[in-house]
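Worksheet for the structure shown next.
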Amino acid sequence: MDILYITKQDWDNFIQGKAESVDIFAPFEQDGRLLYGKVSPENKQEIVYNRVRTVEPLKMFFVPLKERVVPDAQEIPERVIMGVTNCDMSGLKILDKVFRDGEYKAPNYAERRAKTLIISADCLSPYPSCFCEIVGTHPYSEEGFDLNISLLGDGVLVDVGSEKGRSFIGGDQKFFQASKEQIDQRENNRQKTSEKIREANREFDLTDIRKRMRGAYHTEIWRMPKDIENCVQCGSCTNTCPTCVCFLLEDTGEQGQTTKGKVWDSCLFPGYARMAAGASPRPTLYDRYANRLLCKYWYMVEHFGLFGCTGCGRCIAGCAGKIDKRKVLTEVLRERQQI
Amino acid sequence: MDKNIYKPIRCEVKEVITESPTIKTVVLKPEEEFSFLAGQFALLTVHGVGEAPFTPSSSPYDKEKLEFTVMKTGRVTDAIHNLKPGDIVGVRGPYGKPYPLDLYKGKEVLLVGGGVGLAPIRALFLALMETADKYKRVVFCCGAKTPQDYIYKDQIFDKWQNLCEQNPLCFRITVDKKDEQWRYDEGVVTKALDGLDVDISNSVAVVCGPPIMMKFTTLKLLELGYKDHQIYLSMERKMYCAVGQCRHCLIGDLYVCKDGPVFTYDVIKGKPNIWV
């Protein structure tokens with residue numbers, strides 16, 4: 331893979347130039363948090379590089395909160411999304427498997443993916459809620475991106491991950507081959523961040539979670555962690571999760587006309603699994619809470635060969651009940667030690 | 128561009144048959160070809176109201192029409208009950224795995240259906256009858272709460288019984304509570320399994336009905352000597368996409384839409400809250 335170097339100032343100019351012909355979305359700070367915004371000549375200096383994940387998950391660009399799926403969609407535009415951290419890049423693998431790579435292709439998804447150029451970015455200032463390192467992923471991307479950027483002093487290292495990324499750079503003369511020293515220095519930064527995340531998560535034990543979550547259905551296990559009681563079933567965790575894909579379909583058409591909308595749903599909502607006559611296979615909060623975590627650490631592993639959790643920690647940071655999922659998991663897994 | 132997977136085909140309502148006070152059968156004429164195998168299901172859209180999964184109750188061999196037998200239980204099914212001939216609805220599918228009829232060859236096939244659970248059993252029964260000589264015998268146990276709750280009355284009490292003379296068929300018909308005119312047995316459908324003269328080692332049992340009926344029927348079948356893998360159960364869950372994306376229908380790690388909707392008991396037992 332090509333690794334290039336460009337000065338920060340030249341990169342800023344490069345992006346500004348690009349933003350004249352294509353919509354570029356990048357992280358901007360708002361009230362101390364990062365949110366995606368559209369890059370414009372006015373705000374280009376305020377783009378936040380290489381800090382930490384955004385508030386919104388990347389999925390909102392590919393699976394909107396609400397979209398019309400029947401009749402077929404309007405035109406899907408080309409765009410660039412910049413500053414995507416690896417927790418979201420890892421989540422994208424699950425979205426691809428669900429909506430693009432299976433037997434049934436979801437409307438709009440593959441086209442949105444194909445028309446979007448992704449520039450991922452190393453995470454250098456993780457939140458206390460970040461835990462990617464203890465679910466087997468890292469705060470930097472090694473695959474899946476078109477370009478990846480790592481801030482390095484007053485310059486930027488740019489990994490070229492795809493042909494699309496290569497043609498985005500084109501013949502721009504401001505990019506040079508990165509030196510070994512620069513690459514080593516970047517590696518050093520990456521390892522420091524990884525270590526910081528591991529250190530912050532030392533009290534949580536998710537060892538062998540794949541194996542120990544298997545068969546952990548029984549409500550009694552999930553009644554033990556006291557914190558689950560604080561769940562108010564708001565759906566914040568599922569909405570901000572980069573791999574939560576659940577949705578519902580709604581019909582709004584007139585007689586004889588099909589109009590279907592697709593809207594995010596949450597397995598924490600009491601009505602999620604409730605059937606027509608009123609019976610629910612997950613009647614209690616504990617069943618629903620358990621289902622979400624079993625889905626992340628077991629079912630998705632079974633279905634896609636991947637964890638449904640990338641350690642982004644949004645479900646912890648955004649929890650209205652202040653539940654730390656890592657603590658809940660540690661307690662549940664302790665009970666399953668003998669497995 | 129790929130075909131839109133959520134877009135149903137248009138079907139005209141030809142007839143709406145009242146089966147019981149709470150159950151109707153809608154007879155549809157699809158505007159495009161629609162074929163399915165017994166056990167597979169489809170999603171039926173009432174435009175502007177919603178979509179819900181049902182297993183067709185008509186014969187998979189009948190290419191002219193498609194029937195769904197639907198109990199009135201909620202918003203979408205209320206709208207289905209209000210359909211009139213000439214209305215247009217949407218159907219997409221078929222989804223899920225069919226009954227593995229190849230595995231049933233040479234065997235005694237025990238069908239156990241209760242209430243509206245007779246609907247998918249009817250499609251299976253009619254499919255079995257097309258090639259009845261392949262199966263050693265079909266034993267059909269039917270149950271309903273009361274005589275008036277029976278669906279397919281003209282077929283179960285008359286038409287299908289006459290099939291008995293040419294085919295190795297056996298009917299066992301019961302109601303939970305009989306009335307004065309009732310000439311068959313009284314008791315829950317598991318009672319119809321008492322004294323069954325079936326070579327169980329060379330048999331499969333196919334069960335469909337309300338969860339409580341499926342639970343007790345399964346227990347009864349196990350007591351009679353059926354093994355877990357010989358018992359085929361129809362599972363129902365809330366469902367939107369039917370293609371393994373929306374994740375509403377998961378029973379543990381199993382998708383009802385893709386892995387089911389019919390599961391053998393060995394596969395489904397031990398999963399959370401299966402009898403709901």
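These protein sequences, in sequence, are chains A and B. Just so we're aligned, residue 331 is where the first sequence starts under our numbering, counting upward by one. Just so we're aligned, residue 128 is where the second sequence starts under our numbering, counting upward by one. Backbone N, C-alpha and C define an ideal beta-carbon position, used for all residues, glycine too.
DSSP places B:THR345 within a helical segment (H, G or I) once states are collapsed to three.
Here the C-alpha atom of A:TYR629 lies approximately 42 Å from the C-alpha atom of B:THR145. Secondary structure at B:MET362: coil, using DSSP grouped into helix, strand and coil. By the 16-neighbour rule on beta-carbons within 10 angstroms, A:ASN416 is buried. DSSP, reduced to helix, strand and coil, places A:ILE464 within a helical segment of the structure shown. Rounded to whole angstroms, the separation of the alpha carbons of B:ARG264 and B:CYS297 is 8 Å.
Shown in chain order are the members of the stretch 420-446 of chain A whose Cβ falls below 9 Å from a Cβ of chain B: VAL428, PHE429, GLY432, GLU433, TYR434, LYS435, ALA436, PRO437, ALA440 and GLU441. In this structure the stretch 416-435 of chain A lies against the stretch 636-656 of chain A, because at least three pairs of beta carbons, one per stretch, are closer than 8 Å.
Considering only B:ASP393, B:HIS375, B:ILE395 and B:GLY387, the residue with the shortest C-alpha distance to A:ASN621 is B:HIS375. Between A:VAL486 and A:LEU477, the C-beta spacing is not below 8 Å. Minimum Cα-Cα distance from B:GLN308 among the listed residues B:MET198, B:PRO274, B:LEU323 and B:VAL143 corresponds to B:PRO274. The stretch 395-449 of chain A contains, as complete alpha helix (DSSP H) runs of 4+ residues, the segments 416-429 and 439-444 (chain order). Residue-level contact by beta carbon holds for B:TYR367 and chain A, with a gap shorter than 8 Å. Exposure of B:TYR188 is indicated by the presence of fewer than 16 other C-beta atoms within 10 angstroms of its C-beta. By the rule that beta-carbons nearer than 8 Å mark a contact, A:PHE577 touches chain B. Neighbours of A:TRP628 in chain B, taken as residues at a C-beta separation under 8 Å, are given in chain order as ASP380.
Within the stretch 563-629 of chain A, the runs of beta strand (DSSP E) at least 3 residues long that lie entirely inside it are, in chain order, 577-581 and 590-594. At a beta-carbon threshold of 7 Å, the residues of chain A lying near B:THR204 are ALA606, ordered along the chain. For the options B:PHE267, B:TYR231 and B:LEU230, the alpha carbon positioned closest to that of B:GLY244 is the one of B:PHE267. Neighbourhood of B:ALA179 in chain A, by CB distance below 8 Å: ALA606, in chain order.
Just measuring C-alpha positions, the residue of A:PHE637, A:ASP452, A:LEU659 and A:VAL378 sitting nearest A:TYR619 is A:LEU659. Counting other Cβ atoms within 10 Å of its Cβ, A:MET554 stays below 16 and is therefore classed as exposed. Not a single CB atom of chain A sits nearer than 8 Å to the CB of B:ARG310. Residue pairing of B:THR152 in beta bridges, as defined by DSSP: B:ILE144 and B:THR196. Taking every protein chain shown into account, the CB of A:ASN569 has 16 or more other CB atoms within 10 angstroms, so this residue is buried.
Within chain B, the residues whose beta carbon sits less than 7 Å from that of A:GLN587 are HIS174, listed in sequence order. Residue environment for B:GLU363: buried (at least 16 other C-beta atoms within 10 angstroms of its C-beta). For the stretch 502-546 of chain A, the full-length alpha helix (DSSP H) segments reaching 4 residues or more read 510-530 and 539-543 along the chain. Fully contained in the stretch 279-336 of chain B are the following alpha helix (DSSP H) runs of length 4 or more, in chain order: 287-293. Its Cα nearest to that of A:ARG604, the residue B:GLY201 stands out among B:GLY201, B:PHE163 and B:TYR353. Around the beta carbon of B:LYS385, 16 or more other beta carbons sit within 10 angstroms, so the residue counts as buried. Each residue's CA atom was taken as its position, placing A:PRO613 and B:GLY379 some 14 Å apart. Sequence-distant partners of B:ILE283 (beyond 5 residues in either direction) whose C-beta falls short of 7 Å from its own C-beta, in its chain, are CYS269, TYR277 and ILE300. Here A:ASN438 has GLU397, VAL399, ALA403 and ILE406 as same chain residues with Cβ atoms under 8 Å from its own Cβ, once five neighbours each way along the sequence are excluded. Remark: C-beta atoms of A:TYR379 and A:GLY413 approach each other more closely than 8 Å. Taking B:LYS280 as the centre and dropping the five residues before and after it, the same chain places the C-beta of GLU146 closer than 8 Å to its C-beta, in chain order.
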